[in-house]
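Read the structure below first, then the notes.
There are 2 protein chains.
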Amino acid sequence: MPKRVDHEERRTQIADAFIRVAGRRGLHAVGMRDVAAEAGVSLRLVQYYFETKEKLLFYGVQHLTDRFTARVGTRLAAAGTDPGPRATIEAILLASLPTDEEGRTFHLLYSSYSILSVTDEALAAQPFLDNPDAAENALTGLLEQAQASGLADPGADARTEAISLLAMTATMGTGILVGQRSPESAIGVLHHHLDRIFVTAETAVAEEGPI
Amino acid sequence: MPKRVDHEERRTQIADAFIRVAGRRGLHAVGMRDVAAEAGVSLRLVQYYFETKEKLLFYGVQHLTDRFTARVGTRLAAAGTDPGPRATIEAILLASLPTDEEGRTFHLLYSSYSILSVTDEALAAQPFLDNPDAAENALTGLLEQAQASGLADPGADARTEAISLLAMTATMGTGILVGQRSPESAIGVLHHHLDRIFVTAETAVAEEGPI
DNA sequence: TTCTTCGTGATACGACCGTACCATGATGGT
DNA sequence: ACCATCATGGTACGGTCGTATCACGAAGAA
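Chains A and B, in that order, give the protein sequences.
Counting in the numbering used here, the first sequence runs from 459 upward without gaps.
Counting in the numbering used here, the second sequence runs from 459 upward without gaps.
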């Protein structure tokens, strides 16, 4: 047998190139030849590892979520060992905000895929919509945990607040992308709501008092 | 001179066809020939009234916001003469939610244009981003007015809450589009926050008490 | 009536894109 | 040493898309 190359590694390399060019010129504008040039390989190679453009598109969204998951993991690790629920939630939300080049690419492409899936049923059937639900469940769990620890307002609806935080983060992220909103403004709004949900110790005691 | 046709009316007719096909197949998939077929005219006609596809695209987003403004106006009129600030805000937010076919098209296309403007600087230079700021200012004013009337929590930050409500509406609208969230769930979240901001009369009096 | 100009149609052109086809090293098992 | 097979490159084909070109009917102005 001949050279035996690690196919999965090559696919990753090409998918990375795909994400780079898509992040630069937009998902709609990316072509097979662009990906090949960006990856430094021939057009034939891209065809060889992804027979069709549709398969490259599908592999791309999977690779994108993998890399985003890794990004969140890194941020969480940087938050120190066993950070509180609030620090954990903040890390997740801030990692989703396009405040750096990587975050910008993530947000742009994830939004593009979402919008595209509305009119492309083959893409909609692809299981990449698991992520929003996963994030929603994770935040809900963290909020409930905070409530049990007396860190968060016990009267709050954990799931509703989780949905709200994620929804605000997403739209404000787009606002940052189009230059309508500054990252500081977005972070300020998020902090405002976190301050509202995560009561300070004294406030918690006071609220648990007379009622 | 020959037949003298109302150009603006023809442009509106073609732009409507453009919006219909774009809402059905996605903004990225719409071609000049599709628009012509949908409008029941020849390809040449579309070229005649919009020399280039880019101009059709730009005219389309303007026409879209015009129609959306009219939609909001209709909803407000249906809310009765001089509704309270809360009813007004609710009408604006619910009009933005894709709960019917028209709303679905509006949300899909407006999101598509926004994402497209990130990587298309010619589109980004087009003044269609005025709308988000206008809505934000309108909601901020309504909230301040409600605070002055004692209808809303005087301790709330009107602009922050306006930004939050609009941001949540937008993301949850996309959630509805992709089938991830139900309209009822989205409306429920919005009501939750409106209930939080718009305190009842008794609560308002209580809060203005001891402090 | 005639003529100029607007409105409309049919069709052609050039570019690009995804895909298919053909060719050829390279390599490791037998 | 040989050859089956994997990896890779070059190139061609069919289709579509935006745009340009040519042509003609219609109608008001002279």
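Every residue, glycine too, gets a C-beta built ideally from N, C-alpha and C.
This structure is a prediction, so every number in the text was calculated from the model and none was measured.
Endpoints, the alpha helix (DSSP H) within which residue i is located
{"i": "residue 471 of chain A", "result": "465–483"}
{"i": "residue 609 of chain A", "result": "No alpha helix (DSSP H) contains residue 609 of chain A, which DSSP labels as neither H nor E."}
{"i": "residue 561 of chain B", "result": "559–577"}
{"i": "residue 553 of chain B", "result": "543–554"}
{"i": "residue 654 of chain B", "result": "641–655"}
{"i": "residue 628 of chain B", "result": "616–635"}
Distance, residue j Cα to residue i Cα
{"i": "residue 580 of chain A", "j": "residue 586 of chain A", "result": "12 angstroms"}
{"i": "residue 637 of chain A", "j": "residue 557 of chain A", "result": "12 angstroms"}
{"i": "residue 481 of chain B", "j": "residue 474 of chain B", "result": "10 angstroms"}
{"i": "residue 500 of chain A", "j": "residue 487 of chain B", "result": "27 angstroms"}
{"i": "residue 620 of chain B", "j": "residue 554 of chain B", "result": "14 angstroms"}
{"i": "residue 634 of chain B", "j": "residue 463 of chain A", "result": "44 angstroms"}
{"i": "residue 568 of chain B", "j": "residue 608 of chain A", "result": "42 angstroms"}
{"i": "residue 527 of chain A", "j": "residue 647 of chain B", "result": "27 angstroms"}
{"i": "residue 578 of chain A", "j": "residue 596 of chain A", "result": "28 angstroms"}
{"i": "residue 649 of chain B", "j": "residue 530 of chain B", "result": "19 angstroms"}
{"i": "residue 630 of chain B", "j": "residue 539 of chain B", "result": "29 angstroms"}
{"i": "residue 546 of chain B", "j": "residue 537 of chain B", "result": "8 angstroms"}
{"i": "residue 643 of chain B", "j": "residue 504 of chain A", "result": "43 angstroms"}
{"i": "residue 516 of chain A", "j": "residue 653 of chain A", "result": "39 angstroms"}
{"i": "residue 469 of chain A", "j": "residue 592 of chain A", "result": "26 angstroms"}
{"i": "residue 628 of chain B", "j": "residue 523 of chain B", "result": "15 angstroms"}
{"i": "residue 559 of chain A", "j": "residue 590 of chain A", "result": "22 angstroms"}
{"i": "residue 551 of chain A", "j": "residue 502 of chain B", "result": "50 angstroms"}
{"i": "residue 514 of chain A", "j": "residue 525 of chain A", "result": "16 angstroms"}
{"i": "residue 618 of chain A", "j": "residue 626 of chain B", "result": "11 angstroms"}
{"i": "residue 561 of chain B", "j": "residue 508 of chain A", "result": "37 angstroms"}
{"i": "residue 520 of chain A", "j": "residue 512 of chain A", "result": "13 angstroms"}
{"i": "residue 576 of chain A", "j": "residue 603 of chain B", "result": "38 angstroms"}
{"i": "residue 632 of chain B", "j": "residue 541 of chain A", "result": "32 angstroms"}
Assigned exposure category for residue i - 16 Cβ within 10 Å defines buried
{"i": "residue 466 of chain B", "result": "exposed"}
{"i": "residue 492 of chain B", "result": "buried"}
{"i": "residue 612 of chain B", "result": "exposed"}
{"i": "residue 479 of chain A", "result": "buried"}
{"i": "residue 570 of chain A", "result": "buried"}
{"i": "residue 594 of chain B", "result": "buried"}
{"i": "residue 572 of chain A", "result": "buried"}
{"i": "residue 605 of chain B", "result": "buried"}
{"i": "residue 506 of chain B", "result": "exposed"}
{"i": "residue 639 of chain B", "result": "buried"}
{"i": "residue 532 of chain A", "result": "exposed"}
{"i": "residue 489 of chain B", "result": "exposed"}
{"i": "residue 583 of chain B", "result": "exposed"}
{"i": "residue 510 of chain A", "result": "exposed"}
Whole-angstrom C-beta distance between residue j and residue i, which should lie under 8 angstroms
{"i": "residue 543 of chain A", "j": "residue 601 of chain A", "result": "7 angstroms"}
{"i": "residue 574 of chain A", "j": "residue 518 of chain B", "result": "About 18 angstroms; that fails the 8 angstroms criterion."}
{"i": "residue 497 of chain A", "j": "residue 471 of chain A", "result": "6 angstroms"}
{"i": "residue 534 of chain A", "j": "residue 549 of chain A", "result": "5 angstroms"}
{"i": "residue 657 of chain B", "j": "residue 616 of chain B", "result": "Actually they do not touch by this definition, with Cβ atoms about 14 angstroms apart."}
{"i": "residue 563 of chain B", "j": "residue 477 of chain B", "result": "7 angstroms"}
{"i": "residue 655 of chain B", "j": "residue 614 of chain B", "result": "6 angstroms"}
beta-carbon residue i near the ligand HEM non-hydrogen atom, thresh 7 angstroms
{"i": "residue 541 of chain B", "result": "Ligands are entirely absent from the displayed structure, and the ligand HEM is therefore not among its contents."}
Subject >> Inside the segment 488–519 of chain A only - alpha helix (DSSP H) runs reaching at least 4 residues >> reply: Within the segment 488–519 of chain A, the complete alpha helix (DSSP H) segments at least 4 residues long are 490–497 and 501–507, listed from N- to C-terminus.
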